[in-house]
Amino acid sequence: MSAKTFNGLHQSFNRTATSYKVEQNIFLGVCTIFSAFVTVVVNSVAAYYLLICKKGFFNRKQYNNFLMGLQAVMGIFLALTGYSWTAVAHFTGEWPAGNVGCLLGTFCLLFFGTMTVMITLVMSAERFIAMCCPFYYEQLIDFRKIVTAVVYILVHAAVLSSLPLMLNTVELTKQPIAVCLYSLSTHSLRETVVVHAFVCNFSLSILLMLILNVSVLKALKKMNRSVGVEIRAQFAGDRESIILSNLTGLMALSYSLCWLPIVVRVMLIYHANWQSIYFDLLAFSFSTADPFVHPVTCILVSQRYRAGYKAAMKEILSILGKWTCGWTCDPDKSLESGVSLDSQNRNLKLGAWKHALKINDKNEKDDTARQSFLELGVILEVVETPV
9 MSAKTFNGLH QSFNRTATSY KVEQNIFLGV CTIFSAFVTV VVNSVAAYYL
59 LICKKGFFNR KQYNNFLMGL QAVMGIFLAL TGYSWTAVAH FTGEWPAGNV
109 GCLLGTFCLL FFGTMTVMIT LVMSAERFIA MCCPFYYEQL IDFRKIVTAV
159 VYILVHAAVL SSLPLMLNTV ELTKQPIAVC LYSLSTHSLR ETVVVHAFVC
209 NFSLSILLML ILNVSVLKAL KKMNRSVGVE IRAQFAGDRE SIILSNLTGL
259 MALSYSLCWL PIVVRVMLIY HANWQSIYFD LLAFSFSTAD PFVHPVTCIL
309 VSQRYRAGYK AAMKEILSIL GKWTCGWTCD PDKSLESGVS LDSQNRNLKL
359 GAWKHALKIN DKNEKDDTAR QSFLELGVIL EVVETPV
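Using the numbering used here, read the sequence shown as starting at 9 and increasing by one per residue.
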């Protein structure tokens with residue numbers, strides 16, 4: 009084979025590889041954007057229902073709705089920041105906004121990921137007290153303490169996520185997917201502090217969730233026995249509390265599966281210098297499933313949340329319908345939409361007529377009806393009917 013033929017085949021192979029790489033990046037980018045869109049929509053429905061439609065969730069016995077809604081919001085922001093930036097990186101081959109975007113992306117990924125795990129830990133602790141220590145539940149748990157715990161984990165996650173930025177250990181990893189995260193190659197003191205801080209945080213959180221939820225499962229099994237069933241049912245053994253315990257346990261298991269491979273990957277790379285592209289891809293795939301945990305577990309376990317999703321969808325569609333029809337159906341916006349003043353006067357007369365009919369239906373005097381017409385600038389003849 010001549011050198012010219014070999015060079016031609018080599019160039020053709022390079023063009024094919026480049027074309028395949030571009031197609032692969034576009035495919036991954038489209039899938040990422042689609043996943044982000046679905047996740048944001050589903051989680052938005054959950055957050056809308058739990059934080060807006062659910063009136064009175066500030067009641068001391070309804071703080072679980074507050075935690076669930078906050079978890080849904082964390083999933084929304086994690087999907088927006090993680091998926092969208094990764095999709096842009098796949099399309100362009102570069103991280104959006106350069107170094108600043110890389111630092112911001114690292115902070116958002118670590119912050120929202122830490123928040124979802126820590127909120128689940130708080131929910132697991134609440135369920136543990138409800139099921140294993142029901143007699144002390146009222147003394148140990150109230151809405152004020154839950155809010156205090158949320159503020160603490162918010163500060164904790166913010167400080168922990170700022171650590172790689174402050175110690176300047178952030179780097180862009182392009183294999184197997186483009187992601188900005190703390191570096192694992194230099195083994196410097198700063199890198200060691202960052203790595204062990206995150207490994208210890210996620211490992212302890214996963215271990216505590218495991219212990220708490222296993223204890224809750226044992227307590228639920230004991231509730232089936234005849235001894236003390238009535239007393240436990242009076243405090244925490246009602247059906248809704250049991251469903252919430254199962255939901256929390258499933259969430260804890262799912263979030264542990266999402267983040268445990270990342271922890272194992274970091275430890276293998278940093279301490280054993282072992283790395284596999286397939287294991288890396290598996291770990292990152294599990295971590296990107298984090299925003300899906302909240303809506304999927306809610307739909308699978310709780311009938312109340314399934315009903316809530318339906319109610320929220322109806323409410324959102326009705327609001328969108330009002331906004332769409334507002335410019336043509338709302339008399340208050342008729343002037344902005346180009347409707348003449350005569351149409352507004354007709355609407356005023358129609359309103360006055362309805363008001364007069366309501367007054368007559370209430371057996372009020374006809375003079376009151378005439379006065380209401382005069383106040384609106386409309387003179388009508390009212391036929392008096394005997395009562």
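Beta carbons are placed, not taken as given, at the ideal position from N, Cα and C, and that holds for glycine.
It should be emphasised that the depicted structure is a prediction, and the values quoted were computed from it without experimental measurement.
Distance between beta carbons of V203 and G257, contact taken as under 8 Å: Not really, about 29 Å apart at Cβ, beyond 8 Å.
query: From Y91 to R152, what distance separates their C-alpha atoms?
result: 34 Å
- prompt: Among all the DSSP beta bridges, which residues are the ones paired with C188?
  reply: L180
task: Could you confirm whether any beta carbon from chain B is found closer than 8 Å to the beta carbon of Y286?
output: The structure shown has no chain B; it contains just one protein chain.
- request: Find the nearest neighbour of I250 within the set I137, F294, K322, judged by alpha-carbon distance.
  value: I137
message: Just to confirm, is the Cβ distance from L192 to Y278 under 8 Å?
response: Inclusion of L192 and Y278 in the CB contact set at 8 Å is warranted, their separation being smaller than that value.
message: Taking the alpha-carbon of T194 as reference, which of C116, I327, T177, W267 has the nearest alpha-carbon?
response: T177
- request: For the alpha helix (DSSP H) containing E146, list its first residue and its last residue.
  value: 145-148
query: With DSSP run on the structure shown, which of helix, strand or coil describes A260?
result: helix
Alpha helix (DSSP H) segment containing P303, residue limits: 298-309
query: For the stretch 294-307 against the stretch 261-270, are there 3 or more C-beta pairs whose distance is under 8 Å?
result: yes
query: For E248, which residues from the same chain have a beta carbon less than 8 Å from its beta carbon, with the 5 sequence-adjacent residues on both sides left out?
result: So the qualifying residues of the chain are R312.
task: Below 8 Å CB to CB, which residues in the same chain sit around V46 once its five sequence neighbours on both sides are set aside?
output: Hits under 8 Å: none found.
query: Hey, how far is the Cα of A280 from the Cα of L86?
result: Each residue's Cα considered, the two are about 30 Å apart.
query: Which value, in whole angstroms, describes the spacing of the CA atoms of V163 and F119?
result: 10 Å
query: Measuring CA to CA, which of V125, A291, E102, A227 is closest to S211?
result: V125
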